[in-house]
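*Asks:* One structure, as structure tokens, below. Some questions next.
Number of protein chains: 6
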Amino acid sequence: MKILVANPNTSTGVTDRLVAAGKMVASPGTELLPMTASYGVPYIATRAEAAIGSAAALDMLAERRGTMDAAIIAAFGDPGLGGARELFDFPVVGMAEAAMLMACTLGRRFGIVSFSRSLEPWFAEIVAWHGMTGRCAAIRTLDEGFKSIDDVQEEKEAVLIDLALRTVTNDAADVVILAGAPLAGLANKIRDRVPVPLVDGIQAAVVMAEGLVRMKPRKATAGTYRRPGPKDSKGLSAALANVIAHRDS
Amino acid sequence: MKILVANPNTSTGVTDRLVAAGKMVASPGTELLPMTASYGVPYIATRAEAAIGSAAALDMLAERRGTMDAAIIAAFGDPGLGGARELFDFPVVGMAEAAMLMACTLGRRFGIVSFSRSLEPWFAEIVAWHGMTGRCAAIRTLDEGFKSIDDVQEEKEAVLIDLALRTVTNDAADVVILAGAPLAGLANKIRDRVPVPLVDGIQAAVVMAEGLVRMKPRKATAGTYRRPGPKDSKGLSAALANVIAHRDS
Amino acid sequence: MKILVANPNTSTGVTDRLVAAGKMVASPGTELLPMTASYGVPYIATRAEAAIGSAAALDMLAERRGTMDAAIIAAFGDPGLGGARELFDFPVVGMAEAAMLMACTLGRRFGIVSFSRSLEPWFAEIVAWHGMTGRCAAIRTLDEGFKSIDDVQEEKEAVLIDLALRTVTNDAADVVILAGAPLAGLANKIRDRVPVPLVDGIQAAVVMAEGLVRMKPRKATAGTYRRPGPKDSKGLSAALANVIAHRDS
Amino acid sequence: MKILVANPNTSTGVTDRLVAAGKMVASPGTELLPMTASYGVPYIATRAEAAIGSAAALDMLAERRGTMDAAIIAAFGDPGLGGARELFDFPVVGMAEAAMLMACTLGRRFGIVSFSRSLEPWFAEIVAWHGMTGRCAAIRTLDEGFKSIDDVQEEKEAVLIDLALRTVTNDAADVVILAGAPLAGLANKIRDRVPVPLVDGIQAAVVMAEGLVRMKPRKATAGTYRRPGPKDSKGLSAALANVIAHRDS
Amino acid sequence: MKILVANPNTSTGVTDRLVAAGKMVASPGTELLPMTASYGVPYIATRAEAAIGSAAALDMLAERRGTMDAAIIAAFGDPGLGGARELFDFPVVGMAEAAMLMACTLGRRFGIVSFSRSLEPWFAEIVAWHGMTGRCAAIRTLDEGFKSIDDVQEEKEAVLIDLALRTVTNDAADVVILAGAPLAGLANKIRDRVPVPLVDGIQAAVVMAEGLVRMKPRKATAGTYRRPGPKDSKGLSAALANVIAHRDS
Amino acid sequence: MKILVANPNTSTGVTDRLVAAGKMVASPGTELLPMTASYGVPYIATRAEAAIGSAAALDMLAERRGTMDAAIIAAFGDPGLGGARELFDFPVVGMAEAAMLMACTLGRRFGIVSFSRSLEPWFAEIVAWHGMTGRCAAIRTLDEGFKSIDDVQEEKEAVLIDLALRTVTNDAADVVILAGAPLAGLANKIRDRVPVPLVDGIQAAVVMAEGLVRMKPRKATAGTYRRPGPKDSKGLSAALANVIAHRDS
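Which chain is which? The protein sequence lines are A, B, C, D, E and F, in order.
The first sequence runs contiguously to residue 249 in this note's numbering.
The second sequence runs contiguously to residue 498 in this note's numbering.
The third sequence runs contiguously to residue 747 in this note's numbering.
The fourth sequence runs contiguously to residue 996 in this note's numbering.
The fifth sequence runs contiguously to residue 1245 in this note's numbering.
The sixth sequence runs contiguously to residue 1494 in this note's numbering.
In structure tokens form, the structure reads like this:
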């Protein structure tokens, strides 16, 4: 099966890391298709950037529809996820969502560790949107700058491990999510240095996207994720305007 | 003082209604500046459209920054509100937010009545985002089509009154919010036909925007609404890119 | 328009501060009518005193009914607010309520700072009564005595600023409410020494009371704030007994 | 031991019913001391009347302090309970509180059935104040008038049973509380006509008051129920003013 | 009346302590019948052990049915309580449940103090199961080993007092529950060394069990605690299999 | 990889259905190992039976430890899941848990449909235990008897579809979980007759168990799922006693 890894950030180096980490858990026969946003910011870190990234994610999925079996929105705050589920008939999985859901099978409450202080409000909102606030022990983030978003996980490895340890000791987390596309693959490397299970977002998303393809759930024609009726628009990308106008079939 | 009424829908007829209804409660000396989105859909009704409208709202406020004392994001789901509060140093009020907060002073729980079934998921999410789920008795919406978004409030007046009555009788609402920019001004007209207070979103927003200008709260330099540091971007509107890059002063 | 500032504490010095601070945000044409409780304690600080103050607030509003367009119950815990909304047909706003609602437009969560440790349980209960617990980051209070309730804001200014800073740094408050009638007007003075917006309760209440008068919501004849039927009583003030018995028209 | 049954309503007929019903579960050696409010309304049914009743309850307990081992505030909404726990060093139990706590041992969620529609808002607030909203299946009340508060339980017995049955069938209540002082003793009479356990508020309160006296918990000198420091007041009853001023020993 | 004290731990020394502490609050005429589990672990401390203890508790009550008026499941996590309420027609009270419910009458929020770190997850789950999470300030436990479960309360008295003080000072607990069967009777001994009321689980349970017997609630024939229909089983104790198959009458 | 399908019910026919349905989504190379409880009831339906089944599930996993890569507790209420995660170092997944987590990726709220009214309390408790109450729209169950647990899904197919439709129409469910081991495989058969996605519990569990094996999370040595220290016991199965005593390596 083919799974689109849609990175709504503009950094291709991050996309490469996502695909590499995802492949470690993909089943034989699963192909991960990389895609990087053509507009926006190198890495989404605020509510404002997430608003832009949400629109970008919808553009990306609209452009590639018909070429894959499922899609992953590969930024931790799941920009555009709700809208994507309305518009498209293939399964769409968010990276924050998948990480949190898999983490639920590994502990009572999970901690979230990430690389930038500015991410906290956005992350807190996506945790709440998924109804997971009660299972989230804490969100802990780096409070210092870094050189390059592509290599932040190597540069800050020691500090990130320390944050993970603190979510265990101080926040009573049973499991730690390493959050944010730039941290893809880090869980495997530091696995033995943290005393609780670690969850890698893209790996969780690949597992869940594969599972959804295999379970073959139908597209809803009722409920809040049914496809909206056709509608005119102006000024949108051709691909997205076509989907909204039902000119996509 | 000058208050921007930024309508993130593309229908100018709705913008006219918003300004007319707002003027009914504005203080002498307050000027409401109308603005209509240049791209998007005639009226936002789904999560996908809200994602697009969120980006549009940020573009609109970036374009007009420096010309007003406060801004209202004049669509009931408050698209882009969180991001706007990060980026800008003037007060920004959402229409759903203002309606709900004023409604809290008029009853234990409020009902929300609107004109399209497809709005419910988006509205439910904005109610939750504001932490108001516990004060919301119900969201009730029309389940039938209408001819024109500009005149839906006249065409469906009787049915909307009936929905308001049902939120009182069946859902125990103490107050009813008439939600959605296209219903601006309706509350004044039907006031005597519903046995509980009605709240008009744009009127509530004008009241709160004026109040914030008078209270002169400072722009946060700490907390989750502090302004993010400067950042490069690509493919965004010049106005918004400049704000994000701190090239706006 | 005329707005009654009903101070359910017995200290007239506090009433003076309330009116002075309120005038700073009132629109031209708005008159604030001061009133001080004739029985009770100098400043309400406990659940027991709040019970007494609740009855006093109802007495005060009953006595002055017909002379104003709206009333503010000018103690932070909003004593008697629910009962007042049942009995009277003019808008009534609580100072805690107004402060919290305005604070919601300025941040994700607000901190509450006040001048006496004994206030915390009462404040926590009014936060919960308004359904605002989820938006309240912390309640922090002075833990030391003071000389005079009339001048506590000058005497303890430095410590109060320190408490505000701690709600920002330790409790992640995005906005700080300076709570309690004796702190009226302090927000304007220390505005630049706290890195997040400050909210003054009486100013928020004036803004919301004015807004309600302009929005002209009808008195409920259904729902939990409809007026109860006439009832006999014994031993109450004549003014209140008349209202309860519907002898007030 | 001696337990004060302080009825904050002014109807002595209701006080008689309370004592009679309470005696059915009291241990040998327990004496129930009746007391009826000297001011207020015949039966508290609204938030405004509860405010008055809260002050009355504190007056009653202040007047009788030193003559009993524990006190019951014998109105279902527990008027003045929080304040009483601050001021006095003997155990004080609320009738709503005791009924709900005992009901928790008999079912997952309880229904509340009472005799007047106007009681619902007050009851809902006391349920929330006790943190019991999640265990409350529904509050169902009579929607018709009655002849005398003293005999409402006989007059409306059939309708009250019907309401109890509906909380079981429609609201999934596992247990039903017959709420309000005027229904004291009804549970014993209709026990076999409702298929789930019934709880009588005064009986639950007698059980818990007795238990507290036997368990001998100390008066808190820390926490939110520690006694406040002495304070001057004006215009209060001598008994209450003395307690507030610490002139009671 | 006769009340079974069913200790689902295998340590008879603990059973002795339970009965001794319970007798201190029992009414004249109440007999406490001791019973100790015949299989399981000396003291239940984990979710796995609680699963085993739940089955054991049902076996114990099935074996003794018909010989008592009410039963107490005398381990703090209330193993088997829900199932016992389904199967049996006499009142069954859990020790955690009774302690928390009585604690609610003594403070806004209670702290729980116990003797082993491994108990925390189980305790947290039973607090949540009872819907009491909002009233629980903290669970604090010893983090060090002890010599004998029978005498842990003497050996660790000083540390347990220190934990209690910390729940008051750091967690704002108004009342402290000394949790776990091995701490039965400790509250009476250290009462004066903690500034808030202490609650002993077995004493609370005796009070509530007595009260339920006196209040004579009927066995539910509807709702979630109605008795399930007869069912075959295999491999269970004869007593329990008979109850499940309705061969018990 | 090998995944144990541990059915804590005693009906082997149900085990067969579970394995057949699970195979439809298993990856090539995954082997599902069936196991049926040797004691207990044919199908767990009450809290009491769940207590017994929890102990049975631990016995089953203890007996088979070392022979598989992961285990599924194949009854919808996840009996023994928390204890299993403490005791064992391989991943353990509950069927209710997996169904709810996968359902979260398909809708805002899920409905649960099952075959026996007596299941509702147990199901409601496991939903709450997983912190999923906020995402559960309703639990709807058959209210009529059936001939054989092995074939209930064929016998009651029409009624079960009707219940599913009602959770969509009346309860606003976006996705429906067909709950209970006896319904394994039904989702595939009725997929086109319900307008929202259906989730089959065993299929969800297989997907998540496979994913966990691929993600290789470490066994916790800290947090609430760390393995408890060794402990003596009496009267337990040899396999389980050995695990509890750390005699299993």
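No residue lacks a Cβ here, since even glycine has one placed at the ideal position from N, Cα and C.
In whole angstroms, what separates the C-alpha of B:K465 from that of C:D690?
*Replies:* Indexing the second sequence from 1 puts residue 465 of chain B at position 216. Indexing the third sequence from 1 puts residue 690 of chain C at position 192. If I take the Cα positions, the gap works out to 11 Å.
*Asks:* Going along chain F, which residues have a C-beta under 9 Å from E:L1054?
*Replies:* As a position in the fifth sequence, residue 1054 of chain E is number 58, starting the count at 1. The answer, in chain order, is A1293, A1296 and I1297.
*Asks:* Looking only at C-alpha atoms, which of A:P8, A:A222, A:E49 and A:G22 sits nearest to A:S38?
*Replies:* Numbered from its first residue, the first sequence carries residue 38 of chain A at position 38. Selected option, being the one with the closest Cα: A:P8.
*Asks:* Do the segment 668 to 681 of chain C and the segment 607 to 618 of chain C touch if we need at least three Cβ pairs shorter than 8 Å?
*Replies:* Counting Cβ pairs under 8 Å, three or more are found: they touch.
*Asks:* So, is C:P728 buried or exposed, given that buried needs 16 or more other C-beta atoms within 10 angstroms?
*Replies:* Mapped onto the third sequence, residue 728 of chain C falls at position 230. Counting Cβ neighbours within 10 Å, C:P728 comes out exposed, since fewer than 16 surround it.
*Asks:* Output the distance between the C-alpha atoms of B:S486 and A:M102, rounded to the nearest integer angstrom.
*Replies:* Translated into the one-based positions of the second sequence, residue 486 of chain B becomes position 237. Translated into the one-based positions of the first sequence, residue 102 of chain A becomes position 102. Rounded to whole angstroms, B:S486 to A:M102 spans 38 Å at the Cα level.
*Asks:* Would you list, in sequence order, the uninterrupted beta strand (DSSP E) runs of no fewer than 3 residues that lie entirely inside the segment 9 to 36 of chain A?
*Replies:* Runs found: 31 to 36.
*Asks:* Assign B:N419 to one of three DSSP states: helix, strand, or coil.
*Replies:* The residue labelled residue 419 of chain B in the question sits at position 170 within the second sequence. Here B:N419 sits in coil by DSSP.
*Asks:* Beta-carbon separation of A:V14 and A:P34 under 8 Å?
*Replies:* Walking along the first sequence from the start, residue 14 of chain A turns up at place 14. Walking along the first sequence from the start, residue 34 of chain A turns up at place 34. It is not a contact, given that the beta carbons lie outside the stated cut-off.
*Asks:* For E:A1200, which residues of its own chain have a beta-carbon under 6 Å away from its beta-carbon, when the five flanking residues on both sides are left out?
*Replies:* Position 204 of the fifth sequence, counting from 1, holds the residue named residue 1200 of chain E. So the qualifying residues of the chain are A1094, A1095 and M1098.
*Asks:* Would you grab the beta carbon distance between A:I149 and A:P42 for me? Rounded to a whole angstrom, and I think it's under 8 Å.
*Replies:* Along the first sequence, read from residue 1 onward, the residue named residue 149 of chain A stands at position 149. Along the first sequence, read from residue 1 onward, the residue named residue 42 of chain A stands at position 42. Correct: roughly 6 Å between the Cβ atoms.
*Asks:* For E:C1100, which beta-bridge partners are listed by DSSP?
*Replies:* Translated into positions along the fifth sequence, residue 1100 of chain E becomes position 104. Paired residue(s): none; E:C1100 is not in a bridge.
*Asks:* Could you work out which residue in E:A1047, E:A1235 and E:A1052 is closest to E:I1122 when comparing CA atoms only?
*Replies:* On the fifth sequence, position 126 is the one that residue 1122 of chain E refers to. The option with the nearest alpha carbon to E:I1122 is E:A1047.
*Asks:* Just the Cα atoms here: how many angstroms apart are A:L106 and F:V1420?
*Replies:* Residue numbering aside, residue 106 of chain A sits at position 106 when the first sequence is read from its first letter. Residue numbering aside, residue 1420 of chain F sits at position 175 when the sixth sequence is read from its first letter. Between A:L106 and F:V1420, the C-alpha separation is close to 24 Å.
*Asks:* Which chain D residues sit within Cβ distance under 8 Å of E:V1021?
*Replies:* Here residue 1021 of chain E corresponds to residue number 25 of the fifth sequence, with the count starting at 1. In chain order: G958, R961 and M962.
*Asks:* D:K936 lies in the alpha helix (DSSP H); which residues open and close that run?
*Replies:* As a working note, residue 936 of chain D is residue 189 in the fourth sequence. From DSSP, the alpha helix (DSSP H) with D:K936 extends over L933 to I937.
*Asks:* Would D:V915 and E:A1218 qualify as a contact pair, given that the criterion is a beta-carbon distance under 8 Å?
*Replies:* Residue mapping note: residue 915 of chain D aligns to position 168 of the fourth sequence, counting from 1. Residue mapping note: residue 1218 of chain E aligns to position 222 of the fifth sequence, counting from 1. Yes, Cβ-Cβ distance for D:V915 and E:A1218 is below 8 Å.
*Asks:* Where DSSP assigns a beta bridge to B:T390, which residues make up the other side?
*Replies:* Here residue 390 of chain B corresponds to residue number 141 of the second sequence, with the count starting at 1. Paired residues: B:S363.
*Asks:* Is there at least one Cβ from chain A nearer than 8 Å to B:V290's Cβ?
*Replies:* Taking the first residue of the second sequence as 1, we reach residue 290 of chain B at position 41. Yes, B:V290 counts as interfacial toward chain A.
*Asks:* E:G1141: buried (16+ other C-beta within 10 angstroms of its C-beta) or exposed?
*Replies:* Taking the fifth sequence and counting its residues from 1, the one referred to as residue 1141 of chain E is at position 145. E:G1141 should be labelled exposed.
*Asks:* From the DSSP output, which residues share a beta bridge with A:L178?
*Replies:* For the purposes of this step, residue 178 of chain A is identified with residue 178 of the first sequence, where counting begins at 1. A:V113 and A:D200.
*Asks:* Under the rule that 16 or more other beta-carbon atoms within 10 Å means buried, what is E:P1024, buried or exposed?
*Replies:* Working through the fifth sequence from its first residue, we reach residue 1024 of chain E at position 28. Flag for E:P1024 reads exposed.
*Asks:* May I ask you to report which of helix, strand or coil DSSP gives A:L4?
*Replies:* Here residue 4 of chain A refers to the residue found at position 4 when the first sequence is read from its first residue. Strand, per DSSP.
*Asks:* Helix, strand or coil for B:V290? Go by DSSP, reduced to three states.
*Replies:* On the second sequence, position 41 is the one that residue 290 of chain B refers to. Residue state, collapsed to three classes: coil.
*Asks:* Nearest to B:R389 by CA position, among B:H379, B:K251, B:E404 and B:A421, is which residue?
*Replies:* Here residue 389 of chain B refers to the residue found at position 140 of the second sequence. The candidate whose alpha carbon is nearest that of B:R389 is B:A421.
*Asks:* Under the three-state reduction of DSSP, which class applies to F:V1404: helix, strand or coil?
*Replies:* Numbered from 1 along the sixth sequence, position 159 holds the residue referred to as residue 1404 of chain F. Of the three classes helix, strand and coil, the one that applies to F:V1404 here is helix, per DSSP.
*Asks:* Does chain C have any CB closer than 8 Å to the CB of D:A843?
*Replies:* Along the fourth sequence, read from residue 1 onward, the residue named residue 843 of chain D stands at position 96. False, the Cβ-Cβ gap to chain C never drops below 8 Å.
*Asks:* Shorter than 8 Å from the beta carbon of F:M1347 to some beta carbon of chain A?
*Replies:* Numbered from its first residue, the sixth sequence carries residue 1347 of chain F at position 102. Interface residue, yes.
*Asks:* Against chain D, with Cβ distances strictly below 8 Å, would E:R1104 count as a contact?
*Replies:* The count along the fifth sequence starts at 1 and reaches residue 1104 of chain E at position 108. With 8 Å as the cut-off, E:R1104 counts as an interface residue toward chain D.
*Asks:* Would F:M1340 and F:G1446 be called neighbours here (beta carbons separated by less than 8 Å)?
*Replies:* Your numbering for residue 1340 of chain F matches position 95 in the sixth sequence. Your numbering for residue 1446 of chain F matches position 201 in the sixth sequence. Yes; because the gap between Cβ atoms is below 8 Å, this pair is in contact.
*Asks:* With a threshold of 8 Å between beta carbons, is C:A671 in contact with chain B?
*Replies:* In the third sequence, counting from the first residue as 1, residue 671 of chain C sits at position 173. Judged by the 8 Å Cβ criterion, C:A671 is in contact with chain B.
*Asks:* Could you list which residues in chain B have their beta carbon closer than 9 Å to that of C:M706, in chain order?
*Replies:* Numbered from 1 along the third sequence, position 208 holds the residue referred to as residue 706 of chain C. Neighbours of C:M706 on chain B, chain order: L350, M351, T354, V456, M457 and G460.
*Asks:* What did DSSP end up calling D:G878 once you bin it into helix, strand or coil?
*Replies:* On the fourth sequence, position 131 is the one that residue 878 of chain D refers to. D:G878: coil per DSSP, three-state reduction.
*Asks:* With DSSP as the reference, label A:G94 as helix, strand or coil.
*Replies:* Counted from its first residue, the first sequence places residue 94 of chain A at position 94. A:G94: strand per DSSP, three-state reduction.
*Asks:* Around the Cβ of A:G211, are there at least 16 other Cβ atoms within 10 angstroms (buried) or fewer (exposed)?
*Replies:* As a first step, residue 211 of chain A must be located in the first sequence, where it is residue number 211. It is buried - the Cβ of A:G211 has at least 16 other Cβ atoms within 10 Å.
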